[in-house]
Every structure is written in C-alpha cells, then in structure tokens.
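Visitor:
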Amino acid sequence: VKGIWQNDKISMRIKKSNYGVTVNKEKVELYKLYNLNGIQVSIITFGGRITAVETPDKDGNIKNVVLGFKNLEQYEKPNPYFGALVGRYGNRIAKGKFILNNYEYQLAKNNGENSLHGGVVGFDKVVWKVEDIQENKTSASLKLSYYSKDMEEGFPGNLKTTVTYTLNSDNSLDVLYEATTDKTTIVNLTQHSYFNLSGDFSQPIIDHVVDINADKFVPVNASLIPTGELAAVDGTPFDFRIPKLVSEAINMNNNQITLGGGFDHCWVLNNSDKRYRRVAKAYHPESGRGVEVITDQPGMQFYTGNFLDG
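Counted from 1, the sequence shown has number 1235 at position 265 by this note's numbering; the numbering is strictly sequential.
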C-alpha cells in the first residue's frame, strides 16, 4: 500500500497501520478502506474483524455504526464475536456432534454442551494472512486467508478459507467467501458484525425498521438448537415481509421470542436458487441510515443482541 495517497487515478483507498501484537506474539494489522462518499471500513487481521463502519447520516454527520472494541487486548478476551469472521461452522451444533460418512465427529464444546461458531479457537481468534490488496476508481478490496489443519477443533480435512472485503464507490460492501478442502467436511461461514445505524451505542435498535423476504423461519429449542421444522412466518412476530419496527415485533407474545430472549433465528430466504438477490433491509428513520443485504445464500440469521450485557 506504499504510495497510495499520491496516485490521482485511484479514487478508492486503503491505509495500513499496526494494530498490536497478540499474546502469542503474532503481529496484527489494521486496514482502512475508503471511498469518496465518506464511507470508511476498518478491518483487523485478528479474526478478520470489522472494527468500524463509518458512514454519514442524512445531514452528513459521520459515525461508526458497528459494535467493536478500541484495542487488540479487548478483542483477545472472551467477547460476543464483534465484527468477526466466523468458522469453521457458524451457529450451534447440538452436543458438538455430527455424523458424516457414517462416522461421528466430536467437536470442541464452548456453549454449554454445544459447539458454537467453530469451537473454542474458531476463525474469530486467529490471525489471518493478507493475500491481496486492490485499489482502483470504483473499489478497494482486502483479501484474507486462513489455513485450518485437519481435525482443528474436531473438524475433518485441511481447509483453506479466503475472505475478500470490497468497498465500492456505490457504498456497497462485498464479503466473498471461498473455501477448499482435501476431505469431506462441513463448512458454514459468516460475518458477525452488530449494526446500530443510529451511531449511538447507548440506544437500543428497536427503533430500526426491518424487512426480510422470507416466508419461513427455523424454530429453535431451549438451547437455541434448530428443531428441524421450517415454520411459516404468517401471523407471527417473524413476518417481516412488510417493513416494521423491531419494537413492534419483538414485544409480541411468542414462545420463540421468549426462548431466544428476542430474535436469534434463521430465516429461510425466498428465491434461494443460488442467485444474488436483495433479501433484507434495516433502516433507522431518525438518522436516515440504512443497510440492504444482498446474498446468494438460502438462509440469514437475524440477531437482536439479546446476550449483550452493556
């Protein structure tokens, strides 16, 4: 990234700086992606985490809209996966067990009797390698990779995962995952940023308006493990097909809301035929900030930060 500020032909910028050293003596770097509309996305190589997304409101006031910490030491302590790349397997696996090719695998347990977000040392707790940096007139991208060894956290197969963050001139942020393995395995990658579009983290997100293009959702049991049912959203708080305030839905009397302490569920997205399509939007009327979700995936987790304690 040397000399990027002097190239007038480049509209999109990336700035690199040191972020610290882990307890294991690994160097961590911070990369800031910029566009000309005032958007800044900050990413650290520890956990491939997004530490900030700074964006203007309707009056041009710029604030960070994702939760995070101020230093590496805080990210290394137990935390709610702020901004992290999650793997090898996002969400919970009951009792940390799964059967593949007639063989039962036992994973590391880190959520009571269950395995959550890849185990004790998931992708959120390792330092990712910078593979590539690209800057041009319309985008700035950072490509990260991590090599997970066979049976790491109990998962079979050597797995190389790459994630490319791309900030575009149209204010979109692309997150592209790719993974290759040398053995049949399970992989479920995700990005765990918490958005509060008001930019005021002392305020709840119940004043956000949300819509989700999904006719069904995945009910859970008391341990937040999927029951196996795909339930219709009709007549439930989970029906966001027409935009509504989070407060309107989360305060409804519903057993699934009680079990999750709010929303912590997967929606079965409509038109899941592997093509990119708009599936959801969150909007904060007071600030005028909004975020749309475009994906080729069949499901999306909507989580209202029910386990955050401050």
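Backbone N, C-alpha and C fix where the C-beta goes; we use that ideal spot for every residue, glycine too.
Kindly identify the DSSP beta-bridge partner or partners of residue 1261.
Guide: As a first step, residue 1261 is located in the sequence shown; it is residue number 291 there, counting from the start. According to DSSP, residue 1261 bridges with 1252.
Visitor: Given a threshold of 16 other Cβ atoms within 10 Å of its Cβ, counted over all protein chains shown, does residue 1270 qualify as buried or as exposed?
Guide: Stepping through the sequence shown from its first residue, residue 1270 is reached at position 300. Answer is buried; the Cβ neighbour count reaches 16.
Visitor: What residue does the alpha helix (DSSP H) around residue 1227 start on, and which one ends it?
Guide: Residue mapping note: residue 1227 aligns to position 257 of the sequence shown, counting from 1. Start and end: 1225 to 1230.
Visitor: Taking the straight line between their C-alpha atoms, what separation do you get for residue 1178 and residue 1236?
Guide: Here residue 1178 refers to the residue found at position 208 when the sequence shown is read from its first residue. Here residue 1236 refers to the residue found at position 266 when the sequence shown is read from its first residue. Distance between the alpha carbons of residue 1178 and residue 1236 is about 19 Å.
Visitor: At the level of alpha carbons, what is the spacing between residue 1150 and residue 1249?
Guide: Residue 1150 sits at position 180 when you count from the first residue of the sequence shown. Residue 1249 sits at position 279 when you count from the first residue of the sequence shown. Each residue's alpha carbon lies about 27 Å from the other.
Visitor: Taking DSSP's pairing of strands, which residues face residue 1247 in a bridge?
Guide: Translated into the one-based positions of the sequence shown, residue 1247 becomes position 277. DSSP, once it has assigned bridges, lists 1265 as partnering residue 1247.
Visitor: What span of residues does the beta strand (DSSP E) with residue 1044 cover, start to end?
Guide: Here residue 1044 refers to the residue found at position 74 of the sequence shown. Counting along the chain, residue 1044 falls outside any beta strand (DSSP E), though it belongs to the alpha helix (DSSP H) covering 1042 to 1046.
Visitor: Span of the beta strand (DSSP E) holding residue 1014?
Guide: The count along the sequence shown starts at 1 and reaches residue 1014 at position 44. Counting along the chain, the beta strand (DSSP E) containing residue 1014 begins and ends at 1010 to 1014.
Visitor: For residue 934 versus residue 1097, is the C-beta distance shorter than 8 Å?
Guide: With the chain covering only 971 through 1280, there is no way to say anything about residue 934.
Visitor: Just tell me which of 1103, 1094, 1126, 1174 has its CA closest to the CA of residue 1274.
Guide: Position 304 of the sequence shown, counting from 1, holds the residue named residue 1274. The shortest C-alpha separation from residue 1274 is found at 1174.
Visitor: With distance defined between alpha-carbon atoms, name the residue in 1163, 995, 1046, 1257 nearest to residue 1028.
Guide: On the sequence shown, residue 1028 is found 58 positions in, with the first residue counted as 1. Of 1163, 995, 1046, 1257, the residue nearest in Cα terms is 1257.
Visitor: Look at the alpha carbon of residue 1044 and the alpha carbon of residue 1159, and state the distance between them as a whole number of angstroms.
Guide: As a position in the sequence shown, residue 1044 is number 74, starting the count at 1. As a position in the sequence shown, residue 1159 is number 189, starting the count at 1. The alpha-carbon atoms of residue 1044 and residue 1159 are separated by roughly 23 Å.
Visitor: Please list the segments of the beta strand (DSSP E) lying wholly inside the stretch 1055 to 1095, counting only runs of 3 or more residues, in order along the chain.
Guide: With a minimum length of 3 residues, the continuous beta strand (DSSP E) runs that stay inside the stretch 1055 to 1095 are 1067 to 1070, 1073 to 1076.
Visitor: Excluding the 5 residues flanking residue 1220 on each side, which residues of the same chain have their C-beta closer than 8 Å to its C-beta?
Guide: Here residue 1220 is taken as the residue at index 250 of the sequence shown, counted from 1. Closer than 8 Å at the Cβ level, and outside the excluded window around residue 1220, lie 1176, 1207, 1227, 1232, 1233, 1274.
Visitor: Across which residues does DSSP place residue 1143 in a beta bridge pair?
Guide: Along the sequence shown, read from residue 1 onward, the residue named residue 1143 stands at position 173. Bridge partners of residue 1143: 1137.
Visitor: Suppose contacts are defined by Cβ-Cβ distances below 8 Å. Is residue 1065 in contact with residue 1084 by that definition?
Guide: The residue labelled residue 1065 in the question sits at position 95 within the sequence shown. The residue labelled residue 1084 in the question sits at position 114 within the sequence shown. Cβ distance < 8 Å, so residue 1065 and residue 1084 count as in contact.
Visitor: Below 8 Å CB to CB, which residues in the same chain sit around residue 1189 once its five sequence neighbours on both sides are set aside?
Guide: Counting from one through the sequence shown, the residue named residue 1189 turns up at place 219. So the list reads 1196, 1197, 1199, 1201, 1226, 1235, once near-sequence residues are dropped.
Visitor: Using CA atoms only, rank isn't needed, just tell me which of 1092, 1133, 1137 is closest to residue 1106.
Guide: Position 136 of the sequence shown, counted from the first residue, corresponds to residue 1106. Residue 1106 has its Cα closest to that of 1137, out of 1092, 1133, 1137.
Visitor: Can the beta-carbon of residue 1211 be found closer than 8 Å to that of residue 1166?
Guide: Taking the first residue of the sequence shown as position 1, residue 1211 is located at position 241. Taking the first residue of the sequence shown as position 1, residue 1166 is located at position 196. For residue 1211 and residue 1166, no; Cβs fall outside 8 Å.
Visitor: Using CA coordinates, which residue listed in 990, 1021, 1152, 1145 is at the minimum distance from residue 1282?
Guide: No answer is possible for residue 1282: the residues shown for the chain start at 971 and end at 1280.
Visitor: Could you tell me which residues DSSP puts in a beta bridge with residue 983?
Guide: Stepping through the sequence shown from its first residue, residue 983 is reached at position 13. Bridge partners of residue 983: 1004.
Visitor: Which class does residue 1111 belong to by DSSP, given the choice of helix, strand or coil?
Guide: Taking the first residue of the sequence shown as 1, we reach residue 1111 at position 141. In the structure shown, residue 1111 sits in a strand (DSSP, three-state: E or B).
Visitor: Is it the case that the Cβ atoms of residue 1024 and residue 1009 are separated by a distance below 8 Å?
Guide: Numbered from its first residue, the sequence shown carries residue 1024 at position 54. Numbered from its first residue, the sequence shown carries residue 1009 at position 39. Yes. Within cutoff.
Visitor: Among 1242, 1129, 1203, which has the Cα closest to the Cα of residue 1155?
Guide: Within the sequence shown, residue 1155 is the residue found at index 185, counting from 1. The option with the nearest alpha carbon to residue 1155 is 1129.
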